[in-house]
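Report on one structure; see the data block that follows.
2 protein chains.
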Amino acid sequence: MISYAEENYLKALFRLTFEKGSDQVGTNELATHLMVKPATVSEMIKKLKEKSLVDYEKYGKITLTKKGKKIGIDVLRKNRLWETFLCKKLDFTWDEVQEVAEHLEHIPSLKLIEKLDKFLDFPAFDPHGNPIPNHNGEIKVQFKKTLSEVEVGHSCKMVAVKESSNSFLQYVMNVGLVLNNHIKIIRKQDYDALIDIEVDNKISTVSQKFAENIFVVCNNCKVNGACSKSICEL
Amino acid sequence: MISYAEENYLKALFRLTFEKGSDQVGTNELATHLMVKPATVSEMIKKLKEKSLVDYEKYGKITLTKKGKKIGIDVLRKNRLWETFLCKKLDFTWDEVQEVAEHLEHIPSLKLIEKLDKFLDFPAFDPHGNPIPNHNGEIKVQFKKTLSEVEVGHSCKMVAVKESSNSFLQYVMNVGLVLNNHIKIIRKQDYDALIDIEVDNKISTVSQKFAENIFVVCNNCKVNGACSKSICEL
DNA sequence: TAATAAAGTTAGGTGAGCCAAACAAATAAA
DNA sequence: TTTATTTGTTTGGCTCACCTAACTTTATTA
């Protein structure tokens, strides 16, 4: 049996490794992410190792085993399906869903999540634009970059947000940005790194920090020859 | 802050008092209902008393305070709304919902439950025919009796089930009984208390025990002059 | 390379919620 | 009314997931 806490550790480990592109996670890093103390992580990792959910040697790095990774992905899948449900069916705004989904993701029922997936018509992306793992644990990956990387004069489409804090999400809404909006880079200020963007014929000025947290796919500048999707298998 | 366990105690206390029609609950009785040991109940009741959620004197009976009752009703409301959701939207059968709803009922978000209520179009009864408290904690009560009380020759309509065990619910389905089905009492066997009932022109034989767990409203025999509904206020 | 900083571990402690076993009170039966 | 039974309480102990404080190892930098 996997507890709520263990599920959270496995989800966090998967997210950290997936987003970094490296499967090496330190205990302090994990502690920060989970908002617990490093001592607590040391203990928990010991337990997860005994259950063969992570590989770990003292003073080394944590890596998920296949079994642990599967559970982490499943929790992430549940999280994102519930977020989608809250937005699409219950009219939550996207800054309201995270807190509730953190709880819903731990409801233990395979049938529930499969039925929910069907009810939502098998969505591939959640309200923040993040990919939703399918029931096999496969994840569609977009060749996205951050808004800050797009060159002046080029256009792009917002496909996801990197941060998920309420304050950031509310800020994004205030700028008038919505998922799939087209954005044109009008100007970049060398001096203070401010960026002028055009959305719906309206020009706004945003900071570098802001732009680093907006994911886009770019029309002019293909990555790897295409902006399409690939699959990240378990 | 109210924990999952505390919520379960308050829900159980409310259900026991509501179904018995008395607000006196013993610790052993509660322990049985919650499937924990009496020692555990004694401890927990001490805590609930400190939080002013129950009234209790040593070796006496437990009664809910107004505050405790409200929480109990709210948990029951969540439970029944989620059950309705699972049946109506996710195509769960009514014997599958209880287990999952036991978890969903503890998701802490007022907004969630109000939006869910609206999404389901403010249902007054759950898939088992049990009343769903509204957002003020008011409960519609039907003047129902058990199938076993209906006289031979009389007809009635099934409005709820008393038991909620999987085996019983599956049995009910196998007999071909569905909520709101009309049932006619054909014969009662004095010797072994078996009852012949007619449903959809099909005659089945059921036991006394079975009939005691089926709630009906009766066409021929009015209770209190009517079969309509009243409101149980907080 | 030695000193310092950062990262990670261990030991001991906490509250929640459960248990078994021993005990005490209240109620029912002889 | 005395005994037996049921009901309820207390004590000490368990696991889980967290903590602080002290310590050790590894990495960095002077």
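Here the protein sequences come in this chain order: A and B. Residue numbers are given in this note's numbering: position 209 of the first sequence equals residue 209, and the series is strictly consecutive. Just add 1000 to wherever you are in the second sequence, counting from 1, and you've got this note's numbering. All C-beta atoms in this analysis are idealised placements derived from N, C-alpha and C, irrespective of residue type, glycine included.
Measure how close the beta-carbons of residue i and residue j come, nearest whole angstrom, since I'm counting them as under 8 Å.
i	j	result
residue 107(A)	residue 1104(B)	6 Å
residue 1133(B)	residue 1077(B)	4 Å
residue 1199(B)	residue 1185(B)	With a Cβ gap of about 11 Å, residue 1199(B) and residue 1185(B) do not count as contacting.
If you draw a straight line from the alpha carbon of residue i to that of residue j, how long is it in whole angstroms?
i	j	result
residue 253(A)	residue 1110(B)	The shown model of chain A, from 1 to 234, leaves out residue 253(A), and the question about it has no answer.
residue 1118(B)	residue 99(A)	20 Å
residue 8(A)	residue 1179(B)	40 Å
residue 1113(B)	residue 141(A)	33 Å
residue 1204(B)	residue 1210(B)	12 Å
residue 92(A)	residue 36(A)	29 Å
residue 40(A)	residue 201(A)	51 Å
residue 25(A)	residue 70(A)	17 Å
residue 1006(B)	residue 1197(B)	43 Å
residue 60(A)	residue 45(A)	12 Å
residue 62(A)	residue 23(A)	8 Å
residue 151(A)	residue 95(A)	29 Å
residue 1224(B)	residue 1145(B)	For residue 1224(B), the predicted structure reports a pLDDT of 46, less than 50, and the residue's modelled location is therefore unreliable. A value from the coordinates is still provided. If I take the Cα positions, the gap works out to 12 Å.
residue 1013(B)	residue 1043(B)	15 Å
residue 1121(B)	residue 56(A)	51 Å
residue 1033(B)	residue 1215(B)	21 Å
residue 1016(B)	residue 168(A)	47 Å
residue 139(A)	residue 1082(B)	29 Å
residue 54(A)	residue 31(A)	16 Å
residue 1236(B)	residue 50(A)	Coverage of chain B is limited to positions 1001 through 1234, which leaves residue 1236(B) absent and any answer about it impossible.
residue 1115(B)	residue 1(A)	32 Å
residue 194(A)	residue 153(A)	15 Å
residue 66(A)	residue 79(A)	20 Å
residue 52(A)	residue 1177(B)	48 Å
residue 1207(B)	residue 1171(B)	12 Å
residue 166(A)	residue 181(A)	20 Å
residue 1038(B)	residue 1047(B)	15 Å
residue 1058(B)	residue 87(A)	49 Å
residue 1232(B)	residue 137(A)	48 Å
residue 164(A)	residue 125(A)	15 Å
residue 156(A)	residue 64(A)	35 Å
residue 219(A)	residue 190(A)	24 Å
residue 123(A)	residue 1143(B)	45 Å
With 16 other CB atoms within 10 Å as the buried threshold, where does residue i fall?
i	result
residue 1135(B)	exposed
residue 1003(B)	exposed
residue 84(A)	buried
residue 1192(B)	exposed
residue 213(A)	buried
residue 28(A)	exposed
residue 101(A)	buried
residue 1174(B)	exposed
residue 1256(B)	As displayed, chain B neither begins before 1001 nor continues past 1234, which places residue 1256(B) out of reach and without an answer.
residue 1011(B)	buried
residue 68(A)	buried
residue 1074(B)	buried
residue 1072(B)	buried
residue 21(A)	exposed
residue 1227(B)	Bear in mind that a pLDDT of 47 at residue 1227(B), under 50, signals an unreliable position, so the number given afterwards is only what the model happens to contain. Residue 1227(B) should be labelled buried.
Q: Quick one: which residues of the region 107–131 of chain A get their C-beta closer than 9 Å to a C-beta of chain B? List them in chain order.
A: 107, 108, 109, 111, 112, 115, 116, 118, 119
Q.
Please list, in chain order, the residues of the region 1062–1093 of chain B that have any C-beta partner in chain A closer than 9 Å.
A. 1086, 1089, 1090, 1091, 1092
Q) Do the region 120–134 of chain A and the region 147–165 of chain A touch if we need at least three Cβ pairs shorter than 8 Å? A) yes
Q) Between the region 1157–1189 of chain B and chain A, which residues of the former have CB atoms less than 7 Å from a CB of the latter, in chain order? A) none
Q) Taking a cut of 9 Å between CB atoms, which residues from the region 190–218 of chain A lie near chain B? A) none
Q | Residues from the region 1130–1145 of chain B in contact with chain A, defined by Cβ distance under 9 Å | A | none
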